[in-house]
Ligand SMILES: NC(=O)c1ccc[n+]([C@@H]2O[C@H](COP(=O)([O-])OP(=O)(O)OC[C@H]3O[C@@H](n4cnc5c(N)ncnc54)[C@H](OP(=O)(O)O)[C@@H]3O)[C@@H](O)[C@H]2O)c1
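In the working numbering, the protein residues as written are 3 to 300.
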């Protein structure tokens, strides 16, 4: 009998994500077992239970996956899992809390492709304002873009304090340099976007972040991308299906949530497949997701 590919799916929440269960089974896992309300402190014991049940050469066929909706906690869980491995016993480790790692990776990859194709620019050449960066998707998008050399501002709709803390954390954890900005009024947001080349919106579903007139006032704007698929959309005038479509009244191109979505799904599928196919155990986070997503958009 062939050795089974077994995925242990862990979340700090009450439920694992049915989306991730489907993705994992469709990617080829033979079995996906949910573990719910898991704490950081429990990760080491669970991972050691996974690895010691099979001989070392079969560790590559076992995997743990961390969900939830907190990027930092998911990364801490990855670290706890890595630290619990006892070579030569090992297993694959991946996180994608609320789909955020793969969504952020896909969003930034779509922006990178559009900057290159429409403006002959790279991420390192541009300034970016990220809206919704206290959320998981915006947080990861900001870090990915900053690590690629973009000048990134993270905009707080509730003022500067919370995004300033997030910015400090991004610097400490990833060496990612980002600037906090106060986006607590429409006027402040208009001023912020007047000076940037790229806008990324990853705000709560059903919240319009910027109006069409604010986008028109963004004189340097090259690309604007939104991942909210629930009306009203995050950027007025950027259709949910837009895939590098001109934004009326600007020289910029828009990317909507349903252009990002298929790249997100292919990225998550690809990372899950990588854990099944690789000859060595993998450890995969949003940086791996971005490296894969940028190959999928080109
Ligand atoms: N297209 C795709 O493939 C895909 C996949 C996954 C998610 N998504 C979408 O991506 C977006 C972000 O997801 P997420 O999981 O990161 O959500 P989240 O954790 O709820 O974060 C949303 C962000 O929006 C902020 N926010 C809340 N109310 C706001 C307002 N009135 N104005 C501006 N910002 C506001 C939140 O701030 P607080 O810190 O105050 O809550 C947070 O920073 C959602 O629209 C989600 O539906 C898309």
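Quick reminder that beta carbons are idealized off the backbone N, C-alpha and C, glycines included. Please read these numbers as outputs of a predicted model, since none were measured by experiment.
- Taking a cut-off of 8 Å on C-beta distances, the stretch 86-99 touches the stretch 34-53, as three or more cross pairs fall below it.
- Here residue 289 has 146 and 149 as same chain residues with Cβ atoms under 8 Å from its own Cβ, once five neighbours each way along the sequence are excluded.
- Shortest Cα-Cα distance from residue 180 to any of 191, 154, 204 and 163 involves 154.
- Ligand 1 never approaches residue 272 closely enough for any of its heavy atoms to be under 7 Å from the residue's Cβ.
- When the Cα atoms are used, residue 192 and residue 203 turn out to be separated by approximately 14 Å.
- Fully enclosed beta strand (DSSP E) runs of no fewer than 3 residues occupy 64-68, 94-97 and 129-133 of the stretch 59-138, in order along the chain.
- A straight line joining the alpha-carbon of residue 12 with that of residue 215 spans about 44 Å.
- Looking at the DSSP output, residue 184 shares a beta bridge with 158.
- Judged by DSSP secondary structure, residue 271 falls within the alpha helix (DSSP H) whose first and last residues are 259-279.
- Proximity to residue 97 across 156, 14, 223 and 162 peaks at 14, based on C-alpha coordinates.
- For residue 33, the pairing in a beta bridge is given by DSSP as 8.
- For residue 68, the CB stays at least 7 Å from every heavy atom of ligand 1.
- Of the heavy atoms belonging to ligand 1, none sits nearer than 7 Å to the Cβ of residue 292.
- DSSP places residue 208 outside both helix and strand once states are collapsed to three, so it counts as coil.
- Within 10 angstroms of the beta-carbon of residue 131 lie 16 or more other beta-carbons, which makes it buried.
- Take the alpha-carbon of residue 138 and the one of residue 101: they are about 9 Å apart.
- Within the same chain, and ignoring the five residues on either side of residue 73 in sequence, the residues whose Cβ sits closer than 8 Å to its Cβ are 99, 102, 103, 138, 141, 142 and 288.
- If you draw a straight line from the Cα of residue 55 to the Cα of residue 206, it is about 42 Å long.
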